[in-house]
Amino acid sequence: MAEELIKNVAKSEVFHLADLVQGEEGQVVSLTLSQTPKCKMTVFAIDADEGMASHAAPGDALITVLEGTGEIAIEGTPHELKAGESIVMPAGAAHAVRGVTAFKMLLTVVLPS
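In the numbering used here, the protein residues as written are 140 to 252.
Below, the structure is given as structure tokens:
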């Protein structure tokens with residue numbers, strides 16, 4: 140059997156990423172889809188005014204908002220993203236995430252070789 144590179148979803152079936160996680164009041168909820176040495180994919184549901192404090196990642200990180208509105212601050216500059224919008228946080232850049240409204244996002248981190 141081949142290694143399972145993407146997990147927690149049915150293969151060969153259509154699904155909505157936003158349906159994989161349900162928001163909870165006052166919380167950040169996540170579901171890991173993939174975690175390999177070079178790539179990590181996680182779906183998040185983040186309540187309004189909740190989020191993740193400033194931190195940095197060793198790889199480029201792509202956020203795509205699936206529902207709602209989130210604020211992504213990169214090196215102190217805030218960017219407000221709505222459903223369907225994406226942004227890349229460069230490797231090593233300090234960034235923080237906050238729910239403007241309750242929102243859901245897909246985070247993909249691509250790590251250097």
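The beta carbon of each residue, even a glycine, is placed where N, CA and C say it ideally should be.
Keep in mind that this is a model prediction, so the values were computed, not measured.
{"Check": "Identity of the residue in Lys146, Ile145, Phe242 nearest Ile202 by Cα", "Outcome": "Phe242"}
{"Check": "Leu245 and Leu156 closer than 8 Å at C-beta", "Outcome": "yes"}
{"Check": "DSSP three-state assignment for Asp158, whether helix, strand or coil", "Outcome": "helix"}
{"Check": "Nearest neighbour of Met228, chosen from Gly207, Pro176, Thr208, Ser193 [CA to CA]", "Outcome": "Ser193"}
{"Check": "Residue span of the beta strand (DSSP E) that contains Thr267, given as start and end", "Outcome": "Residue coverage of the chain in this structure runs from 140 to 252, which leaves residue 267 outside it and unanswerable."}
{"Check": "Helix, strand or coil at Ile213 [DSSP, three-state]", "Outcome": "strand"}
{"Check": "Exposed unless 16 or more other CB atoms sit within 10 angstroms - verdict on Glu206", "Outcome": "buried"}
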